[in-house]
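What follows is a single structure, written as structure tokens, with notes after it.
There are 2 protein chains.
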Amino acid sequence: MTQKKKQAVVLLSGGMDSSVVLADAVHKGFDVHAITFRYGQRHGMEIEAAKVQAKSALVSKHIVFDLNIGQFGGSALTDIIDVPHNVESNEIPVTYVPARNTVFLSVALSYAESIGARDIFIGVSSVDYSGYPDCRPEFIESFEATANLGTRAADGEGHFTIHAPLIRLTKEETVRLGEMYGVDFEHTHTCYDPGPDGTPCETCDSCRLREKGFKEAGMADPVLKRAGKRESR
Amino acid sequence: MTQKKKQAVVLLSGGMDSSVVLADAVHKGFDVHAITFRYGQRHGMEIEAAKVQAKSALVSKHIVFDLNIGQFGGSALTDIIDVPHNVESNEIPVTYVPARNTVFLSVALSYAESIGARDIFIGVSSVDYSGYPDCRPEFIESFEATANLGTRAADGEGHFTIHAPLIRLTKEETVRLGEMYGVDFEHTHTCYDPGPDGTPCETCDSCRLREKGFKEAGMADPVLKRAGKRESR
Numbered sequence: 002m003t004q005k006k007k008q009a010v011v012l013l014s015g016g017m018d019s020s021v022v023l024a025d026a027v028h029k030g031f032d033v034h035a036i037t038f039r040y041g042q043r044h045g046m047e048i049e050a051a052k053v054q055a056k057s058a059l060v061s062k063h064i065v066f067d068l069n070i071g072q073f074g075g076s077a078l079t080d081i082i083d084v085p086h087n088v089e090s091n092e093i094p095v096t097y098v099p100a101r102n103t104v105f106l107s108v109a110l111s112y113a114e115s116i117g118a119r120d121i122f123i124g125v126s127s128v129d130y131s132g133y134p135d136c137r138p139e140f141i142e143s144f145e146a147t148a149n150l151g152t153r154a155a156d157g158e159g160h161f162t163i164h165a166p167l168i169r170l171t172k173e174e175t176v177r178l179g180e181m182y183g184v185d186f187e188h189t190h191t192c193y194d195p196g197p198d199g200t201p202c203e204t205c206d207s208c209r210l211r212e213k214g215f216k217e218a219g220m221a222d223p224v225l226k227r228a229g230k231r232e233s234r
Numbered sequence: 002m003t004q005k006k007k008q009a010v011v012l013l014s015g016g017m018d019s020s021v022v023l024a025d026a027v028h029k030g031f032d033v034h035a036i037t038f039r040y041g042q043r044h045g046m047e048i049e050a051a052k053v054q055a056k057s058a059l060v061s062k063h064i065v066f067d068l069n070i071g072q073f074g075g076s077a078l079t080d081i082i083d084v085p086h087n088v089e090s091n092e093i094p095v096t097y098v099p100a101r102n103t104v105f106l107s108v109a110l111s112y113a114e115s116i117g118a119r120d121i122f123i124g125v126s127s128v129d130y131s132g133y134p135d136c137r138p139e140f141i142e143s144f145e146a147t148a149n150l151g152t153r154a155a156d157g158e159g160h161f162t163i164h165a166p167l168i169r170l171t172k173e174e175t176v177r178l179g180e181m182y183g184v185d186f187e188h189t190h191t192c193y194d195p196g197p198d199g200t201p202c203e204t205c206d207s208c209r210l211r212e213k214g215f216k217e218a219g220m221a222d223p224v225l226k227r228a229g230k231r232e233s234r
């Protein structure tokens with residue numbers, strides 16, 4: 002008799018990091034339910050990438066969840082504010098979407114509790130990152146505590162764990178981990194400000210962090226190859 | 002020159018408690034932005050009640066936000082599971098919607114941060130309540146801590162406060178407070194399982210708590226009067 006796998010909910014944006022985390026959850030033996038948010042982002046390319054990743058990871062279920070926090074405004078990812086290019090700063094950038102990960106984790110928590118899962122995976126990192134407050138370990142730990150107080154877990158029905166396997170990894174390490182798992186990097190979408198055909202801009206914060214990762218791992222980024230760009234190394 | 006009022010986001014379900022909280026926020030001098038969730042609940046009567054309450058409280062803005070956590074299942078309020086009537090129990094009831102208040106507070110947080118508000122009001126109570134874990138003080142305190150770690154507040158840009166003015170009030174005290182503020186109780190909706198014309202069942206947990214409140218306050222509930230019911234006292 003085969004033992005039933007433990008269920009997990011994985012937040013899947015369709016970017017490189019969440020695709021590696023999806024592979025990580027599968028590799029760790031979880032029965033994966035993936036959730037992707039249509040939250041008012043300016044382009045839907047990452048949602049298409051998420052669908053490809055969910056399919057190739059053979060998840061049990063993939064939900065694209067509508068939740069238009071973009072209507073509140075306040076971010077370059079959902080508003081007509083320009084995405085900055087080639088900018089170095091220590092401040093929280095304009096691409097920060099107010100409380101996005103709190104919202105996404107909460108909905109994932111509702112989904113997890115509804116199906117009886119107690120494990121939630123998210124692809125945040127606090128090493129090579131944009132400085133978003135909701136990507137830091139202290140936020141993830143606090144959310145986990147809140148989750149265990151605001152659900153049936155508070156009455157002893159199983160403890161929720163928020164897994165953030167990339168939280169202390171560099172982009173290089175994330176690329177290497179994904180390579181090890183055989184992640185289809187070509188069908189991940191990272192750029193904040195792509196061309197109409199999906200070509201990455203290569204100068205937004207997100208593209209630059211991705212480039213750094215591939216460069217330091219000594220690998221070619223298949224997305225750039227596909228776009229017919231010259232290798233940046 | 003008049004001083005600009007501080008903004009607050011108020012979670013408004015259209016029930017008695019959140020309507021009293023709305024009045025409380027207005028009374029305390031906040032410029033109120035109300036948010037109501039269409040989350041897959043089985044009847045839309047509370048949303049209509051919320052619109053009436055928001056209008057009579059002269060809020061600056063009222064958003065009805067779509068977010069279908071009901072699609073995950075797992076609650077009598079969103080599924081075809083029967084709402085229990087006349088049931089006494091110490092367990093979390095089947096009307097609990099998984100992580101509902103975590104989700105609602107998160108979206109309210111995103112809204113608040115987007116408009117520059119730092120105050121969020123919610124009508125939870127842990128005295129005369131259904132036993133939902135996400136109505137208890139320790140959950141609200143933990144959520145507040147998480148909110149201050151997962152937003153710009155973490156980098157010193159203003160501290161978020163989650164106001165739960167009813168959290169230690171009995172239903173009687175809530176009714177009295179609402180009466181003091183002149184809340185239009187007739188246009189609040191409380192029942193989990195109303196008749197097609199909105200008539201409360203008077204036997205679900207929510208109706209019974211409301212009845213207790215009015216009874217102990219020595220007042221007639223105008224909703225029952227409207228429905229042409231005999232006074233239950």
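As you go down the protein sequences, you meet chains A and B in turn. Per my numbering, the very first residue in the first sequence carries number 2; after that it's consecutive. Per my numbering, the very first residue in the second sequence carries number 2; after that it's consecutive. Virtual Cβ for every residue (Gly too), placed ideally from N, Cα, C.
Across which residues does DSSP place F66 of chain A in a beta bridge pair?
As a first step, residue 66 of chain A is located in the first sequence; it is residue number 65 there, counting from the start. DSSP output for F66 of chain A lists A:F38 as bridge partner(s).
State yes or no: is the beta carbon of D156 of chain B nearer than 9 angstroms to at least one beta carbon in chain A?
Along the second sequence, read from residue 1 onward, the residue named residue 156 of chain B stands at position 155. The beta-carbon of D156 of chain B is placed less than 9 angstroms from the nearest beta-carbon of chain A.
Please list the partners that P99 of chain B has in chain A, where partner means a Cβ-to-Cβ separation under 7 angstroms.
As a first step, residue 99 of chain B is located in the second sequence; it is residue number 98 there, counting from the start. Simply S111, E114, S115, T152.
According to the neighbour-count rule (16 or more other Cβ atoms, all chains shown, within 10 Å of its Cβ), is M17 of chain B buried or exposed?
By one-based count along the second sequence, residue 17 of chain B stands at place 16. When all chains shown are included, M17 of chain B counts as buried.
Excluding the 5 residues preceding and the 5 following T162 of chain A in the sequence, name in chain order all residues of the same chain whose CB lies nearer than 8 angstroms to its CB.
For the purposes of this step, residue 162 of chain A is identified with residue 161 of the first sequence, where counting begins at 1. Counting only Cβ-Cβ distances below 8 angstroms, and skipping sequence neighbours, we find R119, D120, I121, E145.
Closer than 9 angstroms, Cβ to any Cβ of chain A: which residues of the region 58-87 of chain B, in chain order?
I64, F66, D67, L68, N69, I70, Q72, F73, G74, G75, S76
So which residues on chain B does S90 of chain A lean against when the C-beta distance must stay under 9 angstroms?
Along the first sequence, one-based indexing puts residue 90 of chain A at 89. Result: empty, since nearest Cβ-Cβ is about 12 angstroms, beyond 9 angstroms.
Closer than 8 angstroms, Cβ to any Cβ of chain A: which residues of the region 117-137 of chain B, in chain order?
Within the region 117-137 of chain B, those residues whose Cβ lies closer than 8 angstroms to any Cβ of chain A are, in chain order, P134, D135, R137.
Compute the beta-carbon to beta-carbon distance between Y40 of chain B and Y97 of chain B, rounded to the nearest angstrom, for a pair I have assumed lies under 8 angstroms.
Here residue 40 of chain B refers to the residue found at position 39 of the second sequence. Here residue 97 of chain B refers to the residue found at position 96 of the second sequence. With a Cβ gap of about 13 angstroms, Y40 of chain B and Y97 of chain B do not count as contacting.
Could you give the distance in angstroms between the alpha-carbon of G117 of chain A and the alpha-carbon of A35 of chain A?
Mapped onto the first sequence, residue 117 of chain A falls at position 116. Mapped onto the first sequence, residue 35 of chain A falls at position 34. Cα-Cα distance, rounded: 14 angstroms.
Per the DSSP calculation, D80 of chain A is bridged to which residue(s)?
As a working mapping, residue 80 of chain A is identified with position 79 in the first sequence. Per DSSP, none; premise fails for D80 of chain A.
From which residue to which residue does the alpha helix (DSSP H) around F215 of chain B run?
Along the second sequence, one-based indexing puts residue 215 of chain B at 214. Element bounds for F215 of chain B: 206-217.
Can you grab the Cα-Cα spacing for the pair K172 of chain A / S57 of chain A, in whole Å?
On the first sequence, position 171 is the one that residue 172 of chain A refers to. On the first sequence, position 56 is the one that residue 57 of chain A refers to. Rounded to the nearest angstrom, the two C-alpha atoms are 22 angstroms apart.
Count the CB pairs spanning the region 183-190 of chain B and the region 210-228 of chain B that are closer than 8 angstroms, and state whether there are at least three.
yes
Segment limits, beta strand (DSSP E) that includes V11 of chain B:
For the purposes of this step, residue 11 of chain B is identified with residue 10 of the second sequence, where counting begins at 1. Here the beta strand (DSSP E) through V11 of chain B covers 8-12.
For I121 of chain B, list the residues DSSP reports as bridge partners.
In the second sequence, the residue the question calls residue 121 of chain B occupies position 120. Paired residue(s): B:V10, B:I163.
List the DSSP bridge partners of D32 of chain A.
Within the first sequence, residue 32 of chain A is the residue found at index 31, counting from 1. In the DSSP output, where bridge partners are listed per residue, D32 of chain A has A:Q8.
Among B:S107, B:N69, B:A113, which has the Cα closest to the Cα of H63 of chain B?
Counting from one through the second sequence, the residue named residue 63 of chain B turns up at place 62. For H63 of chain B, the nearest C-alpha among the options comes from B:A113.
Spatial distance of E217 of chain B from T37 of chain B (CA atoms)
Position 216 of the second sequence, counted from the first residue, corresponds to residue 217 of chain B. Position 36 of the second sequence, counted from the first residue, corresponds to residue 37 of chain B. Straight-line Cα distance between these residues: approximately 29 angstroms.
Express the C-alpha separation of I123 of chain A and H164 of chain A in angstroms, rounding to a whole number.
Taking the first residue of the first sequence as position 1, residue 164 of chain A is located at position 163. Taking the first residue of the first sequence as position 1, residue 123 of chain A is located at position 122. Taking the straight line joining both Cα atoms gives about 6 angstroms.
Is the region 103-111 of chain B touching the region 102-110 of chain A in the sense that three or more CB pairs, one from each, lie closer than 8 angstroms?
yes
In the structure shown, what three-state DSSP assignment does Y97 of chain B receive?
As a position in the second sequence, residue 97 of chain B is number 96, starting the count at 1. Here Y97 of chain B sits in coil by DSSP.
Straight-line gap, K52 of chain A to G15 of chain A (C-alpha atoms, nearest Å):
Sequence index remark: in the first sequence, residue 52 of chain A carries index 51 (1-based). Sequence index remark: in the first sequence, residue 15 of chain A carries index 14 (1-based). The straight-line gap from Cα to Cα measures roughly 7 angstroms.
Secondary structure at S127 of chain B, three-state DSSP: helix, strand or coil?
For the purposes of this step, residue 127 of chain B is identified with residue 126 of the second sequence, where counting begins at 1. DSSP places S127 of chain B in coil when its eight states are reduced to three.
Taking 9 angstroms as the threshold (beta carbon to beta carbon), is L167 of chain B in contact with chain A?
In the second sequence, counting from the first residue as 1, residue 167 of chain B sits at position 166. False, the Cβ-Cβ gap to chain A never drops below 9 angstroms.
When the Cα atoms are used, what is the spatial distance from E180 of chain A to V27 of chain A?
Taking the first sequence and counting its residues from 1, the one referred to as residue 180 of chain A is at position 179. Taking the first sequence and counting its residues from 1, the one referred to as residue 27 of chain A is at position 26. If you take the alpha carbons of E180 of chain A and V27 of chain A, they lie about 15 angstroms apart.
So, for D67 of chain A: in the same chain, excluding its five sequence neighbours on each side, which residues have a beta-carbon less than 6 angstroms away from its beta-carbon?
Reading the first sequence from its first residue, position 66 is the one you call residue 67 of chain A. Once the five neighbours on either side are set aside, the close Cβ partners of D67 of chain A are R39.
Alpha carbons only, please: which of B:M46, B:I70, B:G74 is nearest the one belonging to T262 of chain B?
Because chain B here runs from 2 to 234, residue 262 of chain B falls outside it and cannot be looked at.
Tell me the DSSP secondary structure of E232 of chain B in three-state form.
On the second sequence, residue 232 of chain B is found 231 positions in, with the first residue counted as 1. Summary for E232 of chain B: the model assigns pLDDT 46, below 50, so the residue's position carries little reliability; its value from the coordinates is reported in the next sentence. Correct three-state label for E232 of chain B: coil.
Per-residue DSSP class, three states only, for R177 of chain B
The count along the second sequence starts at 1 and reaches residue 177 of chain B at position 176. In this structure, R177 of chain B counts as helix in the three-state DSSP scheme.
Quick test of your reading: S127 of chain B and I168 of chain B, contact by CB under 8 angstroms. State the CB separation rounded to the nearest angstrom.
Here residue 127 of chain B refers to the residue found at position 126 of the second sequence. Here residue 168 of chain B refers to the residue found at position 167 of the second sequence. Yes, S127 of chain B and I168 of chain B are in contact; Cβ-Cβ is about 6 angstroms, under 8 angstroms.
For E145 of chain B, name the three-state secondary structure that DSSP assigns.
In the second sequence, the residue the question calls residue 145 of chain B occupies position 144. It is helical.
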